[in-house]
Every structure is written in structure tokens, then in C-alpha cells.
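Report on the structure given below.
In our numbering, the protein residues as written are 40 to 451.
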């Protein structure tokens with residue numbers, strides 16, 4: 040029954056009983072009419088403090104992976120000296136996070152100073168940083184005539200990593216990569232004959248050589264010994280003018296998933312892996328092989344966003360300066376311009392082993408027929424293969440695994 044109908048019933052019932060009591064001079068009916076008239080305001084006065092003193096702490100997993108479901112714990116505390124008979128609690132979720140039910144939990148009979156934990160399953164639909172909150176309380180009086188709402192601006196960040204999908208072993212390798220590992224000094228760009236190099240974003244601050252840094256006036260990192268093996272770097276194109284599609288069926292999300300999977304593959308076999316990506320922020324991570332590197336790279340990929348000012352050639356020039364010759368490089372891009380051929384020649388001349396993943400943008404465009412623009416990707420892939428570099432076409436539909444499978448068959 041709606042609030043309006045309830046108010047009308049109370050109002051007209053009060054008037055009717057009052058008139059009958061006055062006409063028939065029945066005192067008891069006058070008392071009943073007065074009681075009905077006072078029922079709504081008394082119910083309001085007793086219920087208006089229902090949501091006072093309620094506090095909530097949100098417990099989140101440290102991170103999630105796109106497609107996963109984890110439990111979120113909400114600890115509700117009644118900090119007041121009065122019981123709270125019944126109220127609803129809703130955790131407001133951003134787009135990209137969801138729960139299977141209607142999104143609100145009923146809490147009954149919360150005693151003074153009592154705390155109670157509520158759990159609900161949270162599903163991450165895609166990668167990215169998400170801000171959960173605020174938290175909302177809802178309650179009503181016993182007659183459901185008056186409704187009360189309270190909002191707690193409690194917000195927490197949850198980082199959702201991109202999915203990692205199984206891939207065939209595609210990294211280009213040198214004979215040294217396949218040889219048994221041996222200990223060697225890591226030689227990134229800016230190497231110093233004293234075993235230090237200049238600090239780069241993403242380096243572990245614990246490896247800073249403070250004495251050398253003070254002497255040179257800039258941060259210097261102590262070089263570490265590590266096993267020689269696959270030295271892999273992914274260059275991810277974040278130029279918004281060439282990306283297209285929506286949600287998971289977009290060139291950006293396919294590229295991010297592919298980058299995460301290639302990086303995981305390199306690290307799982309004991310090699311080093313890094314990322315070159317620049318959008319509105321710097322997302323690049325220098326190649327490393329320590330256990331924390333996986334999480335640094337996944338965090339960077341979880342946060343990447345496109346921007347108009349993200350030229351791939353400039354990223355490639357920075358990579359040439361900072362990576363040792365012989366490194367394996369995977370380039371993920373929707374671009375097909377002549378600068379891609381120039382870039383392929385530059386990287387080959389510097390001794391890099393390059394593999395290309397060309398995101399075929401026309402296949403990601405909604406409600407648009409695939410036109411002759413797709414031929415540009417086929418032509419670019421053929422030109423790259425003639426230069427001795429592997430190139431695969433990644434089209435929309437079925438996810439990265441299915442798309443890469445089609446690209447492998449097409450490449451022969």
C-alpha cells in the first residue's frame with residue numbers, strides 16, 4: 040500500500056470517527072479519533088533517530104582480476120545507546136563492479152554498541168581503478184509513512200588487474216635466450232662503470248646508492264646480478280586517436296589483456312619483463328625479473344588510459360636508449376601509418392627482436408561495415424614479415440585468445 044493511500048485512510052478515518060463521536064456523544068470515539076490523529080507524528084518522532092550512531096567499515100580484497108568474484112565485508116557498528124530495530128544498508132558501486140542481488144542488505148535488531156558483519160559477492164567486470172562508495176542507510180517508521188536516509192561518504196579504492204590468458208610461446212628469441220641461464224650483470228641504459236646507473240621510474244627505492252647519488256646530484260641505482268634469459272618489453276600504444284570500440288570489445292582492452300599475458304609469460308619462464316606506455320600519466324616500468332615486478336606491471340596496466348598526445352615513435356626512441364641490444368620487444372598498436380615501417384627499421388638496426396600485434400580497428404567499430412581500411416593492416420603485416428619481424432592481426436570477437444588464434448592461422 041502506498042504512502043498516499045495510508046495517509047488518506049488515516050485522515051478520513053479520523054474525520055469519520057470524530058464526526059460519529061460528536062454526533063452520538065460517544066467519548067470513547069473521540070479518544071480513538073485523537074489517537075489516530077496523533078499516530079503519524081508520534082511514529083515519526085520515535086523513528087527519526089533510527090539511523091543515528093551507525094558506522095560502517097568496508098573490507099576489500101587487496102586487488103582483483105577482471106572477471107573474478109570476491110567477498111566484500113561490511114562491518115556495521117551501532118555506536119549509540121539505543122537499539123536499532125531495522126534498516127537497510129546499500130554499498131554504492133561504480134560502473135564496472137556489480138553484485139548479483141538488488142544491492143541492499145537488511146539489518147535487524149542491532150543492539151547498543153553491537154557490531155555485525157555483512158558479506159556480499161562483488162564481481163569485477165573489467166580492469167581499472169575503482170572507487171567504492173558512498174554507503175547509504177535507509178529506514179522507515181513502523182507505519183511506513185516516513186522514510187529516512189543517511190549517507191556515509193566512506194570511499195575505498197579497489198584495483199582490478201587485467202585478465203591473463205594463455206598464449207602460445209610467441210616471444211622472438213636469440214640462441215642465448217634458449218641456453219641454460221648463467222649469472223650476468225644486468226646492463227640497462229645509463230650504465231655506470233662503478234656498477235650503478237641513473238634512477239628510472241619504477242625502480243625499487245631500496246636499491247638507491249645514496250653516496251653516489253649525493254656525489255652526482257641525481258639518484259643512482261645499484262646494479263644487481265641476475266640470470267640471463269629472455270629480456271622482454273611490451274610497447275603499448277595509448278594514442279586515443281587510433282583506438283576504438285567500447286568496453287571489453289575495444290582495441291584498448293584487447294591490447295591491455297594481450298600485454299598482461301605476454302608479460303606474465305616472460306616472467307613465468309624466469310625472464311625479465313617491462314612496459315613502455317605513456318598516456319596522460321607515465322605508466323612505463325623498466326624491465327626486471329624479481330617477484331614484485333609482476334604486480335608493478337599489472338598495476339600499471341590496470342591504470343592505463345588513452346590520451347591524444349601519446350606518440351609511439353617517441354616511446355620507441357626512449358626504449359632504444361634504455362634497453363640492451365638483443366632485447367625482445369612486442370609492439371601492440373592499432374596504427375598503420377608509414378611511421379610503423381620506419382619504426383620497424385629503427386628497432387631492427389639497433390639489434391632488437393620485434394613482434395607486432397596489430398589491433399584491426401575497423402573490426403571494433405560498432406554499427407560500421409568493415410571496409411577497405413582493413414587491407415591496410417594486412418599490407419602492413421606483410422611488409423613487416425618481409426623485414427623478418429613477426430606480425431599478427433588481432434580482430435574483434437571472441438576475446439584475445441580466439442582472436443590471436445585466428446591471427447596465427449592467417450600468418451601461417
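The C-beta atom is built at its ideal place from N, Cα and C for all residues, glycine as well. Just so it is clear, the structure is predicted and the values come from calculations on it, not from any experiment.
Name the one or two DSSP bridge partners that residue i has.
{"i": "residue 452", "result": "Not covered by the structure: residue 452. The range shown for the chain is 40 to 451."}
{"i": "residue 137", "result": "162"}
{"i": "residue 195", "result": "171"}
{"i": "residue 123", "result": "149"}
{"i": "residue 372", "result": "397"}
{"i": "residue 155", "result": "115"}
{"i": "residue 179", "result": "186"}
Beta strand (DSSP E) containing residue i: first to last residue?
{"i": "residue 429", "result": "429-433"}
{"i": "residue 71", "result": "Here residue 71 belongs to no beta strand (DSSP E); instead the alpha helix (DSSP H) covers 66-86."}
{"i": "residue 210", "result": "Element bounds for residue 210: n/a, residue is neither H nor E."}
{"i": "residue 94", "result": "93-98"}
{"i": "residue 235", "result": "235-237"}
{"i": "residue 131", "result": "Taken as a continuous stretch (DSSP letters only), residue 131 belongs to no beta strand (DSSP E), as it is neither H nor E."}
{"i": "residue 343", "result": "Run containing residue 343: none; DSSP gives neither H nor E here."}
Following the continuous alpha helix (DSSP H) through residue i, name the residue where it begins and the one where it ends.
{"i": "residue 381", "result": "377-388"}
{"i": "residue 253", "result": "249-255"}
{"i": "residue 396", "result": "No alpha helix (DSSP H) contains residue 396, which is instead part of the beta strand (DSSP E) from 392-398."}
{"i": "residue 203", "result": "Here residue 203 belongs to no alpha helix (DSSP H), and DSSP marks it neither H nor E."}
{"i": "residue 110", "result": "Per DSSP, residue 110 belongs to no alpha helix (DSSP H); it is in the beta strand (DSSP E), 108-117."}
{"i": "residue 355", "result": "351-361"}
{"i": "residue 449", "result": "438-450"}
{"i": "residue 105", "result": "First-last for residue 105: undefined, no H or E at that position."}
{"i": "residue 413", "result": "412-425"}
{"i": "residue 42", "result": "42-63"}
Give me the Cβ distance between residue i and residue j, rounded to the nearest whole Å; I'm assuming they're in contact under 8 Å.
{"i": "residue 272", "j": "residue 398", "result": "About 18 Å separates the two Cβ atoms, so there is no contact after all."}
{"i": "residue 135", "j": "residue 165", "result": "5 Å"}
{"i": "residue 12", "j": "residue 383", "result": "A question about residue 12 goes unanswered here, because the residues of the chain that appear run from 40 up to 451."}
{"i": "residue 244", "j": "residue 346", "result": "Between residue 346 and residue 244 the Cβ distance is about 27 Å, and since that is not below 8 Å, they are no contact."}
{"i": "residue 394", "j": "residue 369", "result": "5 Å"}
{"i": "residue 439", "j": "residue 293", "result": "6 Å"}
{"i": "residue 89", "j": "residue 123", "result": "6 Å"}
{"i": "residue 305", "j": "residue 337", "result": "Actually they are not in contact, since the Cβ atoms of residue 305 and residue 337 sit about 13 Å apart, beyond 8 Å."}
{"i": "residue 330", "j": "residue 313", "result": "Rounded, the Cβ-Cβ distance is 15 Å, inconsistent with contact."}
{"i": "residue 156", "j": "residue 112", "result": "6 Å"}
Hey, is residue i's beta-carbon within less than 8 Å of any beta-carbon in chain D?
{"i": "residue 133", "result": "In the displayed structure, chain D is absent; only one protein chain is listed."}
Residue ranges of each alpha helix (DSSP H) within the stretch 269-336, 4 or longer
290-307
If contact is defined by three or more beta carbon pairs under 8 Å, each pair taking one atom from either stretch, is the stretch 109-119 in contact with the stretch 87-100?
yes
Would the stretch 163-183 and the stretch 125-144 be scored as touching if the rule is three or more Cβ pairs under 8 Å?
Between the stretch 163-183 and the stretch 125-144 there are three or more C-beta pairs closer than 8 Å, enough to call the two in contact.
Within 8 Å, do at least three Cβ pairs link the stretch 177-192 to the stretch 353-365?
no
Can you confirm whether the stretch 371-383 touches the stretch 411-427 when touching is taken to mean that 3 or more C-beta pairs between the two stretches lie within less than 8 Å?
yes
Does the pairing of the stretch 186-200 with the stretch 336-350 give three or more beta-carbon distances under 8 Å?
The stretch 186-200, when compared against the stretch 336-350, does touch it at the 8 Å Cβ threshold.
Does the count of Cβ pairs from the stretch 41-48 and the stretch 64-76 closer than 8 Å reach three?
no
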